[in-house]
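Residue numbers (our numbering): 295 to 953.
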């Protein structure tokens with residue numbers, strides 16, 4: 295169903311399916327800049343590989359700062375023995391192999407929606423092959439839960455990443471303990487305060503910095519591995535099994551920290567739309583995975599030979615003179631990882647708005663040549679407040695590790711459910727193969743999720759609470775919009791009847807062009823009826839404009855617009871946008887001049903409804919949902935701003951609507 299820009303408020307109804315979308319964890323703002331150009335998506339070149347390293351792997355690439363340290367601390371009642379460290383190293387290594395390499399790199403990345411990846415893109419594919427309405431709704435709910443959990447992950451990632459990097463100062467300068475928190479707060483405030491400028495200048499150096507980062511951590515870890523090659527036995531999976539068998543419950547608890555090593559795995563799939571699968575796969579298999587594995591193994595070897603290094607094995611891995619430079623490099627790497635997550639939040643927010651799960655928000659384009667380079671002020675400041683609260687409340691990366699992991703593993707589980715449906719119905723896998731493969735991964739993810747659920751009292755409640763609140767908001771907004779659309783449909787007049795009676799009516803026609811936005815192209819827009827009621831005139835040129843959202847990332851140029859003449863001087867225009875695009879109505883309508891319809895943007899007047907929503911005598915929603923919906927509706931960005939319509943060309947007509 296298409297969506298009337300003026301009624302109901304707050305977004306565009308998807309044209310093909312209610313849940314069609316495509317998600318990503320890093321928006322095109324960082325990506326386009328990091329690439330430094332417009333390299334063909336999927337091509338393997340220096341530009342694309344640099345972009346992949348600078349954007350895709352920022353989160354998982356900074357996990358060595360805290361993953362092993364947090365895992366070892368769980369059994370730190372005593373100095374860990376050699377076989378215990380080897381067992382933990384084996385768990386981390388095989389988590390990277392099974393979850394990241396096999397699940398995401400080799401399997402899930404095969405499922406793309408018009409070249410786009412991510413939890414929402416997978417949701418769209420699953421809904422497309424759904425066999426009934428119930429399954430369609432279930433797939434939509436799974437995708438939205440995954441997206442909401444991502445926002446929880448997006449709040450924790452900058453906090454734990456920046457804190458863990460700045461804490462490296464304590465290794466070189468023990469007296470710096472007191473300034474760690476103020477420095478971390480300063481870095482975070484500066485990072486969020488500069489978002490409105492775009493990431494052009496920073497993005498061009500993302501790739502080289504991350505190349506230096508991965509090269510450095512790989513070399514430092516490799517040196518320690520060469521000194522103590524016995525750590526390579528951790529590559530044998532039976533050491534992980536022995537550790538789990540011997541430690542039992544403690545091993546289960548440790549899995550909640552092991553999963554920190556694979557945070558950011560979803561980015562491999564989510565950023566496929568930026569670069570294509572080949573460069574992401576190549577960068578992971580040839581450079582990133584070896585660097586991470588060497589660093590983790592090197593940290594393990596250091597802890598075995600020098601148990602006191604358990605305090606901060608990452609920074610103690612290098613010589614004393616290199617520690618301060620590594621702190622600076624780690625801080626830059628964590629800022630990059632945070633930047634990818636922040637811009638990813640902008641992208642996810644825009645997609646959920648376009649899909650009708652959130653009210654309209656103000657979207658600023660930071661680059662006139664790049665559609666995907668956006669800035670969403672509401673999301674930016676909400677994230678900054680959330681990140682600062684986490685830093686000030688938890689005060690250390692070790693404490694924050696207790697809150698990390700639940701959102702990540704929850705998203706992993708949602709991905710498995712959706713992938714099982716897509717590979718079974720779209721790619722023709724047998725039921726046995728789909729259930730065995732993705733059911734196995736789902737079981738693994740469930741174990742990780744359960745282990746992280748133990749962290750809920752210590753801070754894991756943060757992403758859980760955030761996910762519940764966001765899911766309630768999104769589903770309430772969706773339901774409210776559906777009821778509002780039904781109300782408009784009940785009160786509407788068929789367009790065919792109106793046009794048939796127009797020649798015999800005494801309606802006064804005046805010179806000019808009127809643009810009426812309508813969600814249903816077969817009914818008369820409410821704004822037109824109210825204009826006739828109050829002003830008793832109709833322009834001699836009329837455009838009925840319907841804006842539709844497609845279940846694909848971008849609408850093709852030839853498919854963008856369709857025009858139909860309904861009567862002399864009256865045309866119906868349908869504009870289509872993908873879920874990764876932001877509508878620009880005046881610019882789109884200028885293309886009418888090439889289709890035989892004269893359009894002068896300086897002469898057109900836009901008529902939209904200004905709804906005043908109130909509670910009906912007998913509400914059709916639970917009161918708590920209705921209250922959420924009404925609050926969001928009152929704070930939604932106006933139709934004029936969302937569609938980038940010049941404010942001096944708009945006529946708003948007030949309408950009171952009870953739901």
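All C-beta atoms, glycine included, are put in the ideal place defined by N, C-alpha and C.
Since the structure is predicted, the reported quantities are computational estimates derived from the model, not experimental observations.
- By the Cβ test, the stretch 452-467 is not in contact with the stretch 649-659, since fewer than three Cβ pairs between them sit closer than 8 angstroms.
- Look at residue 515 here: in three-state DSSP terms it is helix.
- Around the beta-carbon of residue 467, fewer than 16 other beta-carbon atoms lie within 10 Å, marking it exposed.
- When DSSP states are grouped into helix, strand and coil, residue 800 belongs to the coil group.
- Our two residues, residue 509 and residue 620, have alpha carbons roughly 12 angstroms apart in a direct line.
- According to the DSSP assignment, residue 864 belongs to the beta strand (DSSP E) that extends over 864-871.
- The way I'd put it, the stretch 712-729 doesn't touch the stretch 468-480; fewer than three beta-carbon pairs between them come closer than 8 angstroms.
- Restricting attention to 800, 824, 783, 805, the CA atom closest to the CA of residue 815 is found in 783.
- Selection 843, 808, 851, 818 evaluated against residue 831 yields 808 as nearest (Cα-Cα).
- Under the three-state reduction of DSSP output, residue 937 falls in the coil class, being neither helix nor strand.
- Under the three-state reduction of DSSP output, residue 600 falls in the coil class, being neither helix nor strand.
- By the Cβ-count criterion, residue 833 is buried, with 16 or more other Cβ atoms from all chains shown falling within 10 Å of its own Cβ.
- Taking one beta carbon from each stretch, the stretch 473-486 and the stretch 672-681 have 3 or more pairs nearer than 8 angstroms; the two touch.
- Burial is judged here by how many other beta carbons sit within 10 angstroms of a residue's own beta carbon; residue 515 has at least 16 and is buried.
- Contact between residue 924 and residue 716 is ruled out by a C-beta separation of about 36 angstroms, above the 8 angstroms threshold.
- With a cutoff of 8 angstroms on beta-carbon distance, residue 489 and residue 674 are scored as near each other.
- CA-to-CA, the gap between residue 625 and residue 581 works out to about 21 angstroms.
- In this structure residue 359 is buried. Its beta-carbon is surrounded by 16 or more other beta-carbon atoms within 10 angstroms.
- A direct Cα-to-Cα measurement between residue 918 and residue 585 gives close to 50 angstroms.
- Checking the DSSP bridge columns, you'll see residue 832 partnered with 803.
- For residue 855, there is no enclosing alpha helix (DSSP H); the residue is found in the beta strand (DSSP E) stretching over 855-861.
- In this structure the stretch 541-548 does not lie against the stretch 397-405, because fewer than three pairs of beta carbons, one per stretch, are closer than 8 angstroms.
- When DSSP states are grouped into helix, strand and coil, residue 903 belongs to the strand group.
- Judged by DSSP secondary structure, residue 628 falls within the alpha helix (DSSP H) whose first and last residues are 614-648.
- With fewer than 16 other Cβ atoms inside 10 Å of its own Cβ, residue 929 counts as exposed.
- Residue pairing of residue 658 in beta bridges, as defined by DSSP: 669.
- In this chain, the alpha helix (DSSP H) harbouring residue 353 covers 352-355.
- Judged by their CB atoms, residue 533 and residue 380 are nearer to each other than the 8 angstroms cut-off.
- When the beta-carbon positions are compared, residue 384 and residue 692 stay at least 8 angstroms from each other.
- Here the alpha carbons of residue 562 and residue 554 stand approximately 16 angstroms from one another.
- The stretch 688-765 contains, as complete alpha helix (DSSP H) runs of 4+ residues, the segments 691-694, 700-719, 725-747 (chain order).
- With respect to the C-alpha of residue 730, the residue from 900, 875, 711, 937 having the closest C-alpha is 711.
- Non-local beta-carbon contacts of residue 361 in its own chain, meaning distances under 6 angstroms to residues more than five positions away in sequence, involve 554, 555 in chain order.
- Here residue 394 carries a helix assignment [DSSP, helix/strand/coil].
- Per the C-alpha coordinates, the member of 593, 701, 769 positioned closest to residue 753 is 701.
- Straight through space, the alpha carbons of residue 735 and residue 578 are spaced by roughly 20 angstroms.
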